[in-house]
Amino acid sequence: MKNLEKTLNADLGDIPPFRMDNFQHEILDNLHLEFFFQEARFLIAPRLNYLLYGTANPEEETRLQNLLLEKPEQLERIKEFLIYNLSLYSALLETNSYYLALNQHLLIIRFIAVAENPDHFEIKAYTTSKNDLQNNYKDKLYLGRDFFSLQKTRRPHFGFRFIRDSIQEQLQKMKLRLHEFCPEDLFKTVEQDYLQEVEELVGEIYMSGNQILDSLPEDLGAQGVPTDTLIEANMLFRDIKHTLIEIEESLRELENRLFEGEEGRRAVRYVTKFKKDITNNVNYITFKVNGRISDHVNGIRV
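Everything in the sequence shown is counted per the numbering used here, starting at 120 for the first residue and increasing by one.
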């Protein structure tokens, strides 16, 4: 509930001129926002309805109902702010457009506060069919994660600091889950054959990221950034993309290895989720970072 109150009380930044296409309009119209009570979760559905999963105490539910009545305009602005960010500063929607269209453009966004950055949220995206919203919600499809500020639309260094730190964090979480759900001998095998390599590659990304964060301007699209600086930035991001592709391939092999026997089946979904994050990052750098920098350097306008 705190996260909902935080978003509804936030001083949202202005959204620059942005014309949505039909796909983005459909996503906006079918956008569901997920938040948590003390011991339950709820989805704010279109038209200010909500779905409750678990049992909420009466005070919590009454507070939710009042907030929806008090701030409907703010809620709609938050949704538009989300679609703007996901469309222009993320590859999440386009990477998963097939699955979203298959599920009638139903997108679920879960809000998670970022403690060290009060105006930022980590968001996790899911989709499911409308028929499964009520009875099979736990089987929703994970699409990926993103980080965005409630106050700013521009992302310093294309949001790379959050991407870099998240990759490290998700790797450690995946390792813990594999250790928890795999038999000890299987875990030792996959650790030696796959995890050590992935960890080394993630370390390379962290070190390469320092060069981006320490030496490049935060706003690479600003007027006056030298062309040589933009070309260097493109090269650095491209090298990071190549390392991400190596991680993606290692995770795919690990995924296949865990599918081979029953003993790894409980753990494989955590590898799949991490691989999805890596794929989204590869596409983001390819289209929204390298693509935009190259267009800017070459003066390409649609």
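We put the CB at the ideal spot given by N, CA and C, even for glycine.
All values derive from a computational prediction rather than experimental measurement.
Candidates the options, of which the one nearest residue i by Cα
i	options	result
Lys190	Asn402, Glu381, Glu318 and Leu123	Leu123
Leu150	Tyr169, Leu295 and Gln157	Tyr169
Pro177	Lys121, Glu158 and Ile366	Glu158
Asp338	Gly410, Tyr256, His276 and Lys121	His276
Phe182	Asp312, Phe155, Pro165 and Phe406	Before going on, a small fix: residue 182 reads as Arg here, not Phe. The shortest C-alpha separation from Arg182 is found at Phe155.
Val233	Leu269, Glu381 and Tyr217	Leu269
Ser369	Val408, Lys198, Val309 and Ala244	Val309
Arg411	Gly380, Leu377 and Gly340	Gly340
Val408	Arg376, Phe378, Glu372 and Ile350	Ile350
Ala129	Phe142, Pro237, Phe161 and Ala164	Pro237
Pro302	Pro165, Ala220, Glu381 and Gly173	Glu381
Phe161	Leu194, Glu195 and Met120	Met120
Leu194	Tyr218, Tyr217 and Pro165	Pro165
Arg196	Met139, Tyr313 and Ile134	Ile134
Cβ-based burial, residue i [other Cβ within 10 Å; buried from 16]
i	result
Phe137	exposed
Thr346	exposed
Met293	buried
His144	exposed
Leu335	buried
Gly328	buried
Lys307	exposed
Lys257	exposed
Gly278	buried
Asn185	exposed
Ile419	exposed
Phe200	buried
Lys198	buried
Asn83	Beyond the ends of the chain as shown, which are 120 and 421, falls residue 83; an answer cannot be given.
Ser206	buried
Phe378	exposed
Leu295	exposed
Cβ-based neighbour list, residue i, same chain, cut-off 7 Å, excluding 5 preceding and 5 following
i	result
Asn222	Thr246, Thr247 and Ser248
Asn399	Ala210, Leu211, Thr214 and Gly263
Leu167	Leu187 and Pro191
Thr391	Glu374
Gln289	Phe393 and Asp396
His415	Gly340 and Leu349
Thr405	Lys360
Arg357	Asn409
Asn353	Asn409, Ile412 and Ser413
Tyr403	Ser209 and Ala210
For residue j and residue i, believed in contact at Cβ under 8 Å, the rounded distance
i	j	result
Gly132	Thr272	6 Å
Tyr423	Leu297	Only positions 120 to 421 of the chain appear in the structure, and residue 423 is not among them; the question remains open.
Val317	Gln287	Not really, about 11 Å apart at Cβ, beyond 8 Å.
Phe300	Ala175	The Cβ separation is near 30 Å, so there is no contact.
Ile202	Ile146	6 Å
Phe463	Thr126	Within the shown structure, residues of the chain are numbered from 120 to 421, placing residue 463 beyond reach of any answer.
Ile331	Leu355	5 Å
Leu180	Ile227	Note that residue 180 is Glu in the sequence shown, not Leu. Not quite, the Cβ-Cβ distance comes to about 20 Å (not below 8 Å), so this is no contact.
Val401	Glu367	6 Å
C-beta neighbour in chain D for residue i, strict 7 Å
i	result
Tyr325	The structure shown contains no chain D; it holds only a single protein chain.
Own chain partners of residue i with C-beta closer than 8 Å, once the 5 adjacent residues on each side are dropped
i	result
Lys395	Tyr261, Leu262 and Gly263
Asn204	Asp265, Phe267 and Thr272
Gly173	Phe156, Glu158, Ala159 and Arg160
Asp251	Asp258 and Lys259
Tyr218	Thr246, Leu260 and Leu262
Same chain only: Cβ atoms within 6 Å of residue i, ignoring 5 sequence neighbours per side
i	result
Ile163	Leu152 and Tyr169
His224	Glu145, Ile146 and Asn149
Thr362	Leu320, Glu323 and Ile324
Residue i beta carbon near the ligand MG (any heavy atom closer than 6 Å)
i	result
Phe393	Looking for the ligand MG in the displayed structure turns up nothing, as the structure carries no ligands at all.
**OP:** Let me know the alpha helix (DSSP H) ranges lying completely inside the region 234 to 312, each 4 residues or longer, listed in chain order.
**Re:** 251 to 254, 279 to 300 and 303 to 309
Subject >> Those runs of the beta strand (DSSP E) which lie wholly inside the region 130 to 179 and span at least 3 residues >> reply: 150 to 155, 159 to 163 and 169 to 173
Subject >> 4 or more residues per run - each alpha helix (DSSP H) lying fully within the region 350 to 408 >> reply: 387 to 402
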